[in-house]
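Notes follow the structure.
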Amino acid sequence: MLVCQCNMITSKEIEDIVLELLRADPWQLVVPAKVYAELNRRAKCSGCVPNVVDIIVRVTESYQAQQAHQPAELVNLQSGLEKLKKQRSGVRRERRSTGHRAA
1 MLVCQCNMIT
11 SKEIEDIVLE
21 LLRADPWQLV
31 VPAKVYAELN
41 RRAKCSGCVP
51 NVVDIIVRVT
61 ESYQAQQAHQ
71 PAELVNLQSG
81 LEKLKKQRSG
91 VRRERRSTGH
101 RAA
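This is the structure in structure tokens:
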């Protein structure tokens, strides 16, 4: 489907660019300006920008859903963080004596 008539950009081209950007860094924020920069083009009349945003959101959601971890992995991570917190709870982080008062 033709998304940008000014630059003759199809939805497939935008989807491919968004996937390429997400594969490079899954946590980056993909915006229309970044997509146009990757295509070496710019939004001329900006009438296509809302459609580009919709495509970015759709592709990003499906990519993140495919990359999602199983709930069991998340529980293990949470329990690991709790264990680490318990280990570090007794460690003093300052060199001052416990009776020292700043004010």
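Here UniProt numbering is used: position 71 in the sequence shown is 71, and no number is missing along the way. We treat Cβ as the ideally placed atom computed from N, Cα and C, and that holds for glycine.
Give the single residue among S89, K83, R88 and T60 whose Cα lies nearest to the Cα of L22. T60
In chain order, what residues of the same chain lie with their CB nearer than 8 Å to the CB of V49, ignoring the 5 residues before and after it? P32 and A43
Count the other CB atoms, across all protein chains shown, that sit within 10 Å of the CB of V35; report buried if there are 16 or more and exposed otherwise. buried
Among Y63, R41 and I17, which has the Cα closest to the Cα of Q5? R41
V30 beta carbon less than 8 Å from that of I56: yes
Under 6 Å Cβ to Cβ from V18, same chain only, skipping five residues before and after it: list those, please. V30, I56 and V59
What residue from S11, L2, N51 and A68 has the CA that sits closest to W27's CA? A68
Contacting residues, own chain, Cβ-Cβ under 7 Å from V53 (five flanking each side not counted): P32
Can you name the start and end residues of the alpha helix (DSSP H) that V53 belongs to? V49 to Q67
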